[in-house]
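Once you know that position 63 of the sequence shown is 67 in our numbering, the rest is easy, because the numbers rise by one and skip nothing.
A quick write-up on the structure given underneath.
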Amino acid sequence: MTDMEDKEIFLGKNKIAEKFYELEKINPDLWEILQGIYEDYEKRLKDGSLKRTITGFIEEFGTPSAMHSMRYRMKSPESLIVKIIRKKCSDFTDLDYANITKDTYGKVIMDLLGARILIRHRYQWEDIHDLIWHLYFK
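What follows is the structure, given as C-alpha cells:
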C-alpha cells in the first residue's frame with residue numbers, strides 16, 4: 005500500500021488538505037491525476053531510468069579528471085505530489101501546473117533531480133559545464 009492510496013492520510017500527513025480541497029473544487033479529477041503522476045514517477049525511480057539520467061555522463065565518458073566528487077538526489081514521489089499541489093495553489097496563472105498530467109510533469113517540474121559536482125580547481129568548471137551541456141542540452 006502506497007501513501008497515495010489513502011487520500012486523507014496523505015493530505016493530513018503533509019498538511020495540504022485545505023489547499024487540495026480548494027483545487028479539487030476546480031478539478032474534481034485531481035486526485036486521480038496526482039495518483040497517475042505518483043505511480044509513473046515511482047516506476048521511473050524503481051527502474052533506474054532517473055538515476056541513469058543523472059549519472060549518464062559518467063557512464064558515457066568516465067569520471068572527468070576535473071571532477072573531485074559528485075552527489076545527487078532524486079525527489080521522492082511524495083514530495084513531488086506535495087510540490088504540485090502547493091504550486092497549483094500559489095500560482096493559478098501558471099498554465100503548465102494548471103494542466104499538469106503524468107505525461108507532462110517531467111517537463112514542468114525542473115527539480116526532479118539534483119546534482120552537486122565538486123571540481124579540483126576553480127578553472128576546471130568549464131570542462132564539466134561543457135560535458136553536461138553536450139550530454140543533456142545539445
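Glycine included, each C-beta is placed from N, C-alpha and C at the ideal position.
If you're wondering where the values come from, they're calculated on a predicted model, not measured in any experiment.
| Mind checking L84: buried by the 16 CB within 10 Å criterion, or exposed? | buried
| field | Beta-carbon separation (whole angstroms), A119 vs I37, contact threshold 8 Å | value | With 8 Å as the limit, A119 and I37 do not qualify as a contact, their Cβ atoms being about 29 Å apart.
| request: Provide the residue span of the alpha helix (DSSP H) that contains R27, from first to last. | output: Just to set this straight, residue 27 is Leu in the shown sequence, not Arg. From DSSP, the alpha helix (DSSP H) with L27 extends over A21 to I30.
| field | Rounded straight-line distance, which links the Cα of I132 to that of Y109 | value | Straight through space, the alpha carbons of I132 and Y109 are spaced by roughly 27 Å.
| query | Nearest to L116 by CA position, among R124, A21, R48 and F141, is which residue? | reply | R48
| said: At the level of alpha carbons, what is the spacing between L135 and V112? | reply: 24 Å
| Between the region 67-76 and the region 87-97, do at least 3 Cβ pairs fall closer than 8 Å? | no
| Which same chain residues, not among the five before or five after I121, have their C-beta less than 7 Å away from its C-beta? | M71, M74 and I132
| task | Starting from M184, follow its DSSP beta bridges and name the residues at the other end. | result | Because the chain here runs from 5 to 142, residue 184 falls outside it and cannot be looked at.
| Considering only C-alpha positions, which residue in the set K142, T67 and W35 is nearest to E9? | W35
| query | Which residues bound the alpha helix (DSSP H) around G131? | reply | Here residue 131 turns out to be Asp, not Gly, going by the sequence shown. Start and end: W129 to Y140.
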